[in-house]
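K.L.:
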Amino acid sequence: KNEVEQSPQNLTAQEGEFITINCSYSVGISALHWLQQHPGGGIVSLFMLSSGKKKHGRLIATINIQEKHSSLHITASHPRDSAVYICAVQGDGGSNYKLTFGKGTLLTVNP
Amino acid sequence: DVKVTQSSRYLVKRTGEKVFLECVQDMDHENMFWYRQDPGLGLRLIYFSYDVKMKEKGDIPEGYSVSREKKERFSLILESASTNQTSMYLCASSFRSSGSLTGELFFGEGSRLTVL
Numbered sequence: 001k002n003e004v005e006q007s008p009q010n011l012t013a014q015e016g017e018f019i020t021i022n023c024s025y026s027v028g029i030s031a032l033h034w035l036q037q038h039p040g041g042g043i044v045s046l047f048m049l050s051s052g053k054k055k056h057g058r059l060i061a062t063i064n065i066q067e068k069h070s071s072l073h074i075t076a077s078h079p080r081d082s083a084v085y086i087c088a089v090q091g092d093g094g095s096n097y098k099l100t101f102g103k104g105t106l107l108t109v110n111p
Numbered sequence: 001d002v003k004v005t006q007s008s009r010y011l012v013k014r015t016g017e018k019v020f021l022e023c024v025q026d027m028d029h030e031n032m033f034w035y036r037q038d039p040g041l042g043l044r045l046i047y048f049s050y051d052v053k054m055k056e057k058g059d060i061p062e063g064y065s066v067s068r069e070k071k072e073r074f075s076l077i078l079e080s081a082s083t084n085q086t087s088m089y090l091c092a093s094s095f096r097s098s099g100s101l102t103g104e105l106f107f108g109e110g111s112r113l114t115v116l
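Chains as they are written, first to last, in the working numbering: chain B, 1 to 111; chain P, 1 to 116.
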């Protein structure tokens, strides 16, 4: 069982919809990362967080450390938001440079 | 604009060839990483370097070696390429941050290697 589980695996939305992608993990962490990968493209870091909530434009990331859960929200979705969104957690032990990655959520936003 | 640059976007090599993948970052980051990305398996860490000449094995180091002679450059070497090393290879870098060894990650565009 992967230590990082994302849901859903695939998500299709209409332009303008509010989108939520979930990430659950089973280990103690020092930080959680949300990443975005467009088809054929490199990976871009969206957020790195260890508590609470962060907002950047239309994107919001939250984390609940006690429940070992994080969500990525996209408000007023747009076709350019179509991408794979990847959750990654960073351990809290001695090797906390290592990230464990989820398998990703493929988001398609239709016009 | 901050940048992580990988030397080749696409490479085709033959089984048994030695392959060099180069990665250069211009952000003065201490940490550099090599990952491979395969469908259904996600990103897996091959090697990590936290300083010049320092390296740590990741989850799948077999068949790979690395070199970090200068802070800005981290090379991945496949001594004798095999078909099961056909993959997308991604380099990343980050600062060290307090409370956590890795800060925000910056990725290169990736190098897609095909071994025939």
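For every residue, glycine included, the Cβ atom is placed at its ideal position computed from N, Cα and C. None of the values given here were measured: they were computed from a predicted structure.
Starting from F107(P), find everything on chain B with Cβ-Cβ shorter than 9 Å and list it in chain order.
P.N.:
Counting from one through the second sequence, the residue named residue 107(P) turns up at place 107. At a beta-carbon threshold of 9 Å, the residues of chain B lying near F107(P) are L35, Q37, G42, I43, V44, S45, ordered along the chain.
K.L.:
Does chain P have any CB closer than 8 Å to the CB of K103(B)?
P.N.:
On the first sequence, position 103 is the one that residue 103(B) refers to. Interface residue, yes.
K.L.:
Return yes when the Cβ of Y35(P) is within less than 8 Å of the Cβ of L43(P), no when it is not.
P.N.:
Translated into the one-based positions of the second sequence, residue 43(P) becomes position 43. Translated into the one-based positions of the second sequence, residue 35(P) becomes position 35. Taking 8 Å as the cut-off, the beta carbon of L43(P) is found closer than this to the beta carbon of Y35(P).
K.L.:
Just checking, does the segment 77-84 of chain B make contact with the segment 71-82 of chain P on the three C-beta pairs under 8 Å criterion?
P.N.:
no
K.L.:
For a contact meaning CB atoms closer than 8 Å, what does F48(P) contact in chain B?
P.N.:
In the second sequence, counting from the first residue as 1, residue 48(P) sits at position 48. Residues of chain B passing the Cβ test: Y97, K98.
K.L.:
Under the three-state reduction of DSSP, which class applies to R96(P): helix, strand or coil?
P.N.:
Walking along the second sequence from the start, residue 96(P) turns up at place 96. Three-state DSSP puts R96(P) in coil, outside helix and strand.
K.L.:
Mind pulling the beta strand (DSSP E) runs of 3 or more residues that sit fully within the segment 19-47 of chain B?
P.N.:
19-25, 29-37
K.L.:
Taking the DSSP output, what are the residues bridged to R36(P)?
P.N.:
Here residue 36(P) refers to the residue found at position 36 of the second sequence. Answer is R44(P), Y89(P).
K.L.:
Compare the beta carbon distance of I133(B) and L11(P) with 8 Å and say whether it is the shorter of the two.
P.N.:
Because chain B is modelled from 1 through 111, residue 133(B) falls outside the range shown and cannot be assessed.
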